[in-house]
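Asker: The following block contains the structure, expressed as structure tokens.
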Amino acid sequence: MHDLNPITPLGAAAPVVESHGPVTLTEVTETALASVAARLGREAETTTLLTEVLGAAPPTPARLNPGTPGAFWMGPDQWMVEAPLSTHEDLAAQLAARANGAASVTEQTDAWCRFDLTGDNLADVFERLCPANTRAFAGGEAVRSAIDHLGCFLLCRAPDHITVLGPRSAAGSLHHALVVAMRAAF
Amino acid sequence: MTGPNRLNGGLIDRSKPLSFTFDGRSYRGFAGDTLASALLANDVRLMGRSFKYHRPRGPMSAGSEEPNAIVELREGARKEPNTRATTAELFDGLSANSQNRWPSLKWDVMAVNDRLSNFFAAGFYYKTFMWPAAFWEKVYEPIIRKAAGLGTLSHAPDPDSYDKGFLHCDLLVIGAGPAGLAAALTAAQSGAQVIVADEDFLPGGRLNAETFALGDQSGAAWAAETAAALQAMPNVRLMTRSTVIGAFDHGIYGVVERVSDHLPQPLPGKPRQILWRVYSRRAILAAGATERPIVFENNDRPGIMLASALRSYANRWAATPARAVAVFTNNDDGHRTARDLSAQGVSAVVIDTRTDAPETTDYETIPGATVTNTQGRLGLTTVEVTLATGTTRTLSVGGLGVSGGWNPNVHLTCHQRGRPVWDQAIAAFVPGGTLPVGLIPAGAAQGVFSTHGALASGQAAAQQALSDLGITAKPAALPQAEDAPVNVTPFWHVRGAKRAWVDQQNDVTAKDVKLAHQENFVSVEHLKRYTTLGMATDQGKTSNMAGLAIMAEVAGKSIPEVGTTMFRPPYTPTAMGAFAGRSRDMDFRPTRKTPSHVWAEEQGAIFVEVGMWLRAQWFPRPGETHWRQSVDREVTQTRKSVGICDVTTLGKIDVQGANAAEFLNKVYCNGFAKLAVGRTRYGLMLREDGIAMDDGTAARLAEDHFVVTTTTANAVAVYRHMEFVRQCLFPDMDVQLISTTEAWAQFAVAGPNARKLLQKIVDPAHDISNEGFPFMACAEITVCGGLRARLFRISFSGELAYEIAVPTRYGDALIRRMMQAGEEFDVVAYGTEALGVMRIEKGHAAGNELNGTTTALNLGMGRMVSKKKDSIGSTLSEREGLNEADALKLVGFRPVNPQDKVPAGSHLMTRGDPVDAAHDQGYVTSACYSPSLGCHIGIGFLKSGDSRKGEVVRLVSPLTGLDHEVEVVSAHFVDPEGERLRA
Chain A
-19 MHDLNPITPL GAAAPVVESH GPVTLTEVTE TALASVAARL GREAETTTLL
31 TEVLGAAPPT PARLNPGTPG AFWMGPDQWM VEAPLSTHED LAAQLAARAN
81 GAASVTEQTD AWCRFDLTGD NLADVFERLC PANTRAFAGG EAVRSAIDHL
131 GCFLLCRAPD HITVLGPRSA AGSLHHALVV AMRAAF
Chain B
126 MTGPNRLNGG LIDRSKPLSF TFDGRSYRGF AGDTLASALL ANDVRLMGRS
176 FKYHRPRGPM SAGSEEPNAI VELREGARKE PNTRATTAEL FDGLSANSQN
226 RWPSLKWDVM AVNDRLSNFF AAGFYYKTFM WPAAFWEKVY EPIIRKAAGL
276 GTLSHAPDPD SYDKGFLHCD LLVIGAGPAG LAAALTAAQS GAQVIVADED
326 FLPGGRLNAE TFALGDQSGA AWAAETAAAL QAMPNVRLMT RSTVIGAFDH
376 GIYGVVERVS DHLPQPLPGK PRQILWRVYS RRAILAAGAT ERPIVFENND
426 RPGIMLASAL RSYANRWAAT PARAVAVFTN NDDGHRTARD LSAQGVSAVV
476 IDTRTDAPET TDYETIPGAT VTNTQGRLGL TTVEVTLATG TTRTLSVGGL
526 GVSGGWNPNV HLTCHQRGRP VWDQAIAAFV PGGTLPVGLI PAGAAQGVFS
576 THGALASGQA AAQQALSDLG ITAKPAALPQ AEDAPVNVTP FWHVRGAKRA
626 WVDQQNDVTA KDVKLAHQEN FVSVEHLKRY TTLGMATDQG KTSNMAGLAI
676 MAEVAGKSIP EVGTTMFRPP YTPTAMGAFA GRSRDMDFRP TRKTPSHVWA
726 EEQGAIFVEV GMWLRAQWFP RPGETHWRQS VDREVTQTRK SVGICDVTTL
776 GKIDVQGANA AEFLNKVYCN GFAKLAVGRT RYGLMLREDG IAMDDGTAAR
826 LAEDHFVVTT TTANAVAVYR HMEFVRQCLF PDMDVQLIST TEAWAQFAVA
876 GPNARKLLQK IVDPAHDISN EGFPFMACAE ITVCGGLRAR LFRISFSGEL
926 AYEIAVPTRY GDALIRRMMQ AGEEFDVVAY GTEALGVMRI EKGHAAGNEL
976 NGTTTALNLG MGRMVSKKKD SIGSTLSERE GLNEADALKL VGFRPVNPQD
1026 KVPAGSHLMT RGDPVDAAHD QGYVTSACYS PSLGCHIGIG FLKSGDSRKG
1076 EVVRLVSPLT GLDHEVEVVS AHFVDPEGER LRA
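Same order as they appear, the protein sequences are chains A and B. The first sequence lines up with residues -19 to 166 when you count with this note's numbering. The second sequence lines up with residues 126 to 1108 when you count with this note's numbering.
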């Protein structure tokens, strides 16, 4: 086992938690991510693979499959699979091995920073951040949108729980934008 | 009572008195007042000076169309010039000042302009400031700028913040007057998602300013009740203080919500304003109508205003400019003003241009008469009326309401180039032509002026919108309301006037309009620009029609034949801050930080912005006083032993699939099909037109798996290009792409001791000896006891070098570990400056050389463009013009005099040739001081450069006076044979 200590996308040893009004923002660092894109002509095999991995059919466009592992749709025949880091540090390798050439799998764990917003009236925050119609979110949505000029995914795990995945290098700016919007909204 | 002209009643809250100042003097008003209404109640009619002639002016309207009562609000950094007193909501402690006057509003030196008005007719500037031409910028313009303009800026940064937001709805209702409320109620009760936006702080529109009833209650009470009902519904968002400023494509509207303008300052964390982008499926324009004035001699004195404004002040704000007023009208609506003010105990007389004017016992009516002049230096005192018989009569009044009919607020229907159409019945333009998709006009905005008509048309518009959206309409029960017909006889201006103001904001007279026509500015667009009619903060809301009417008259045309100018967003003036939102100062754009950022900060690194990235530029050490000392040290130490640089910012693209190699063969001009697994290759990408686009490396990790690197600057562009190639050019190839730039922290480890250092980090199972891991090798390895990593033996510096990548969250730990491991080798961290010096010393092309004009041939890589295969850009790279015999070639330059610099951007000339563009031989692209060579060096493009080595050429910059000699050398100053990087 190696002896290097990880840091969070915000550059600290531990994730941040902040509350304002009814909303709590929690930085989540314990999720492994891997993209899975079907190889040409092997879409059915990829769907079968994901169905096995997820225990359910892979999500349709703009949808999220919660669960462990879970997945969300990123593009035609392309998904992001998420799982707890503690048990799936090598998620990409595991999936690649199971895909057996039917899908291209790429490690994405550290490509993203993740902030979860929980609480009531989350749309009041997000309507100041991005064009996505978060007020219509009922749970299970996975939408690509832009927050503070950054391409982000919004994953609605429940009406009172939305995950924002953004580019890791800009975690500081994204976090700032989220907190400013929380303070402006409430 | 808080002022001599405060009446009874009104929608002000007398339990909440407020104090405020205007031009330093204190006054009292009430919650619900505007600055204008409070000042009128305090017997202050004079609120500003006009733009050009500095004529005394008071409010002309009671709304956002105001041209005259333009003031500066607040003090210090929050001072806002050119704000309308008629919409400024009163708050306790408000400080307002008049503008465009000196030394005071009552005694304004620049009022001398008014005496000289004969010289200042339309086109005055163009005719007067013609010569000498050199005077324009240095003399005339500064004088004019000082004399003209309205308020002054604070010159301090805006202390407030602004938000941008996004809303979605089935139906956007623009305006909360009777039509808007009826529409909103119908749509809301039918279950649609509804947004209602109104610029006023009180919903209701004209209902708040009129006395007639809706059903068994007052119009204002019905509006308040309806607004409260709407507010209570979960599917409705009722937005007051929210102006719809523009109609954009696909049902998108811009709405500025003034969140905090009615407060002394925004609450902590809250924005001053929000610019909302509203995505609507349908929209109803219920923006009402604006009354238009009649143009007559001296029609601009304080106290003269629109008849509807006089009525608004009396009914809604319980204020009047005077206890005796007159009304000058050409229609029945003007009589309402006289009736309402008489009822409030204000003496009123109506001067009606129509001989058949309706008469009543409530007030005196003078039919068939016109106002032919007025008196009163700082405020109206008397009105001269010319009777139908031709005799004149003088009325002593302090207020004059003017009504020339009403213009529907069609502006938003024109934002996508729709042209309104003329409706003779109401003598006004109504929405017509091609409207923005999904926008339905209703009520007065549609030309339906009665309250009953507004309610009914609002409901009908909602029903139409709901039907379009497939929602079953449940019409709301609407109250009984007045349904008076429009009786108007067009009357635009009183003839024979010398100083009759058409556009009061820009001081444009009827004579100016005629002069413009006389001087052949006959198109309305030219009229506007020549006279400035319809420009500035009010955009001609009260002046355009009179201007068109006078133009039509002198041109012998009808008004519709003359046409209208184009209305453009924003509908009302909008703070620049609202457009910027949060994107200002440090938040102008996001900042990207490298994985070693925290560590670099601890080292005291100096950072540089590279795109959005912050990269360490150099790492100063104690005692170093100049950046060159740090950079020279970093270069020297790296070349001598070993240096480490964070290169995470370079783009990394994961390319997988059965056709991955074939795909890269298309994207890169050189061959990739035969690259062995475990090897890396330098690649050059061309644009379709044969020009070099980007360079980088591709490492083959498996038969069907490559990692492509790009330059930092082009990371996104290259990824986008590759996606285009994949999806559009070669959709039959099995290849998948995803960016992994952020997923891996990557460091260059360069210098003769690079391997020794890495051997302390890389787990022993992996052989990285020169034999086991030669130049251009790549592998997936583990480091520090099992952490997965990637190692590439590639070199940008020209030294024995590697790039090592670990999952990003371990980047910080890895650089600390490597710096520790390198202590015995005197390891140095180097920044982008040393990186640049070393690549120039090595002659590697970078962004300066891949500048969008250069080809592979220019870069000395002509032979890399494979003829054995087809790749993007290869065919067009063979164009004759790109392959001339004397084509530019990348070479190096050393100064003949070792003290001379070789500045990038300087041009190259053959000795003895004239220094001009025709004899240009090329230019220097990159330059630096080379600590390895002990002098300045440069690389750049020289015609036939590859065959001119040893030649001395002139390096010139006519702009800076630079002119010295440099010797043409190989661009590879350091280790031209490449022995070091293979060691």
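Think of the CB as a built atom: it goes at the ideal place given N, C-alpha and C, for glycine as much as any other residue.
Please name the residue, chosen from B:487, B:193, B:220, that lies closest to residue 205 of chain B on a Cα-to-Cα basis.
Answerer: Working through the second sequence from its first residue, we reach residue 205 of chain B at position 80. Of B:487, B:193, B:220, the residue nearest in Cα terms is B:220.
Asker: Do you know whose CA, among B:920, B:731, B:518, B:747, lies nearest residue 806 of chain B's CA?
Answerer: For this step, residue 806 of chain B is matched to residue 681 along the second sequence. Looking at the Cα atoms, B:920 is the closest of the given residues.
Asker: How would you call residue 119 of chain A, buried or exposed, if buried means at least 16 neighbouring beta carbons within 10 angstroms?
Answerer: Indexing the first sequence from 1 puts residue 119 of chain A at position 139. Exposed, because fewer than 16 other Cβ atoms sit within 10 Å of the Cβ of residue 119 of chain A.
Asker: Looking at the unbroken beta strand (DSSP E) that takes in residue 822 of chain B, where does it start and where does it end?
Answerer: Along the second sequence, one-based indexing puts residue 822 of chain B at 697. From DSSP, the beta strand (DSSP E) with residue 822 of chain B extends over 817 to 827.
Asker: Checking the sheet assignment: what are the DSSP bridge partners for residue 409 of chain B?
Answerer: As a position in the second sequence, residue 409 of chain B is number 284, starting the count at 1. Partner(s): B:298, B:565.
Asker: When you compare the CB of residue 863 of chain B with every CB in chain A, is at least one pair closer than 8 Å?
Answerer: Against the second sequence, residue 863 of chain B aligns to sequence position 738. Output row for residue 863 of chain B: interface = yes.
Asker: By the three-class DSSP mapping on this structure, what secondary structure does residue 650 of chain B have?
Answerer: On the second sequence, residue 650 of chain B is found 525 positions in, with the first residue counted as 1. Three-state result, residue 650 of chain B: helix.
Asker: Need the endpoints of the alpha helix (DSSP H) that residue 1088 of chain B sits in, please.
Answerer: Residue 1088 of chain B sits at position 963 when you count from the first residue of the second sequence. No alpha helix (DSSP H) contains residue 1088 of chain B, which is instead part of the beta strand (DSSP E) from 1087 to 1094.
Asker: Does the separation of the CB atoms of residue 330 of chain B and residue 302 of chain B fall below 8 Å?
Answerer: In the second sequence, residue 330 of chain B corresponds to position 205, counting from 1. In the second sequence, residue 302 of chain B corresponds to position 177, counting from 1. Going by C-beta atoms, residue 330 of chain B is nearer than 8 Å to residue 302 of chain B.
Asker: Verify the CB distance criterion: does residue 141 of chain A have a CB-CB separation below 8 Å to chain D?
Answerer: Note that chain D does not occur in the displayed structure, where the protein chains are A and B.
Asker: Can at least three beta-carbon pairs, one atom from the stretch 627 to 640 of chain B and one from the stretch 144 to 164 of chain B, be found at a separation below 8 Å?
Answerer: Contact fails: fewer than three Cβ-Cβ distances are below 8 Å.
Asker: Looking only at its own chain, which residues have a Cβ that is under 8 Å from the Cβ of residue 850 of chain B, when we skip the five neighbours before and after it?
Answerer: Position 725 of the second sequence, counting from 1, holds the residue named residue 850 of chain B. Answer for residue 850 of chain B: 788, 791, 792, 997, listed in chain order.
Asker: Thinking just about the alpha-carbon of each residue, which of A:3, A:69, A:92 is nearest to the one in residue 139 of chain A?
Answerer: Locating residue 139 of chain A in the first sequence gives position 159, where the first residue counts as 1. Nearest of A:3, A:69, A:92 to residue 139 of chain A, Cα basis: A:3.
Asker: Find the residues of chain B that neighbour residue 169 of chain A, judging by a C-beta separation of less than 8 Å, and give them in chain order.
Answerer: Only positions -19 to 166 of chain A appear in the structure, and residue 169 of chain A is not among them; the question remains open.
Asker: Can you give me the C-alpha to C-alpha distance between residue 1102 of chain B and residue 1094 of chain B, rounded to a whole angstrom?
Answerer: Working through the second sequence from its first residue, we reach residue 1102 of chain B at position 977. Working through the second sequence from its first residue, we reach residue 1094 of chain B at position 969. Rounded to the nearest angstrom, the two C-alpha atoms are 15 Å apart.
Asker: Quick one: what does DSSP say residue 216 of chain B is sitting in, helix, strand or coil?
Answerer: On the second sequence, position 91 is the one that residue 216 of chain B refers to. It is coil, neither helix nor strand.
Asker: Taking residue 1034 of chain B as part of the alpha helix (DSSP H), name the residues at either end of that continuous run.
Answerer: Residue mapping note: residue 1034 of chain B aligns to position 909 of the second sequence, counting from 1. Counting along the chain, residue 1034 of chain B falls outside any alpha helix (DSSP H), though it belongs to the beta strand (DSSP E) covering 1032 to 1034.
Asker: Secondary structure at residue 9 of chain A, three-state DSSP: helix, strand or coil?
Answerer: Counting from one through the first sequence, the residue named residue 9 of chain A turns up at place 29. Correct three-state label for residue 9 of chain A: coil.
Asker: Just verifying my parser: in three-state terms, what is the DSSP assignment at residue -11 of chain A?
Answerer: Numbered from its first residue, the first sequence carries residue -11 of chain A at position 9. Note: residue -11 of chain A maps to coil in three-state DSSP.
Asker: Mind listing, in chain order, the continuous alpha helix (DSSP H) runs of no fewer than 4 residues lying wholly within the stretch 100 to 156 of chain A?
Answerer: Within the stretch 100 to 156 of chain A, the complete alpha helix (DSSP H) runs of at least 4 residues are 102 to 106.
Asker: CB-CB under 8 Å to residue 1048 of chain B, same chain, minus the five flanking residues each way: which ones, in chain order?
Answerer: Taking the second sequence and counting its residues from 1, one reaches residue 1048 of chain B at position 923. If we look at residue 1048 of chain B and ignore the five residues flanking it on each side, its Cβ neighbours are 1030, 1031, 1032, 1033, 1065, 1066.
Asker: What residues in the stretch 703 to 717 of chain B bring their beta carbon closer than 8 Å to a beta carbon of chain A?
Answerer: Residues passing the 8 Å Cβ filter: 707, 708, 712, 714, 715, 716, 717.
Asker: Answer with buried or exposed for residue 1021 of chain B, where buried requires no fewer than 16 other C-beta atoms within 10 angstroms of its C-beta.
Answerer: Position 896 of the second sequence, counted from the first residue, corresponds to residue 1021 of chain B. Residue 1021 of chain B comes out exposed.
Asker: Looking at the structure shown, is residue 288 of chain B part of a helix, part of a strand, or coil, going by DSSP?
Answerer: Counting from 1 along the second sequence, the entry for residue 288 of chain B is found at position 163. The answer is strand: DSSP assigns residue 288 of chain B an E or B state.
Asker: Let me check one thing: in DSSP terms, what residues is residue 872 of chain B bridge-paired to?
Answerer: For the purposes of this step, residue 872 of chain B is taken as residue 747 along the second sequence, with counting starting at 1. BP columns for residue 872 of chain B point to B:771, B:929.
Asker: What's the call for residue 681 of chain B, buried or exposed, on a 16-neighbour Cβ count within 10 Å?
Answerer: Within the second sequence, numbered from 1, the residue matching residue 681 of chain B stands at position 556. It counts as exposed.
Asker: When the Cα atoms are used, what is the spatial distance from residue 572 of chain B to residue 293 of chain B?
Answerer: By 1-based counting over the second sequence, the position of residue 572 of chain B is 447. By 1-based counting over the second sequence, the position of residue 293 of chain B is 168. Each residue's Cα considered, the two are about 28 Å apart.
Asker: Taking DSSP as the reference, what is the three-state secondary structure of residue -2 of chain A?
Answerer: In the first sequence, counting from the first residue as 1, residue -2 of chain A sits at position 18. Here residue -2 of chain A sits in strand by DSSP.
Asker: Going by Cα to Cα distance, which pick from B:531, B:360, B:1009 is closest to residue 457 of chain B?
Answerer: Within the second sequence, numbered from 1, the residue matching residue 457 of chain B stands at position 332. Here the closest residue by C-alpha is B:531.
Asker: Give a yes or no on whether the minimum CB-CB distance between residue 943 of chain B and chain A is below 8 Å.
Answerer: Within the second sequence, numbered from 1, the residue matching residue 943 of chain B stands at position 818. Output row for residue 943 of chain B: interface = no.
Asker: Can you pull the chain B neighbours of residue 234 of chain A, defined as C-beta to C-beta under 9 Å?
Answerer: Nothing can be reported for residue 234 of chain A: it is not among the residues displayed for chain A, which extend from -19 to 166.
Asker: Assign residue 229 of chain B to one of three DSSP states: helix, strand, or coil.
Answerer: Locating residue 229 of chain B in the second sequence gives position 104, where the first residue counts as 1. Residue 229 of chain B falls in the coil class under three-state DSSP.
Asker: For residue 807 of chain B, which beta-bridge partners are listed by DSSP?
Answerer: Locating residue 807 of chain B in the second sequence gives position 682, where the first residue counts as 1. According to DSSP, residue 807 of chain B bridges with B:822.
Asker: Counting only Cβ pairs nearer than 7 Å, list the residues of chain A close to residue 935 of chain B.
Answerer: In the second sequence, the residue the question calls residue 935 of chain B occupies position 810. Chain A residues near residue 935 of chain B: -16, -14.
Asker: Quick one: any contact between the stretch 663 to 681 of chain B and the stretch 622 to 631 of chain B, if contact means 3 or more CB pairs under 8 Å?
Answerer: They touch, by the three-pair rule.
Asker: Closer than 9 Å between beta carbons: that is the criterion. Which residues of the stretch 290 to 323 of chain B meet it against chain A?
Answerer: Cβ contacts with chain A: 290, 291, 292, 293, 318.
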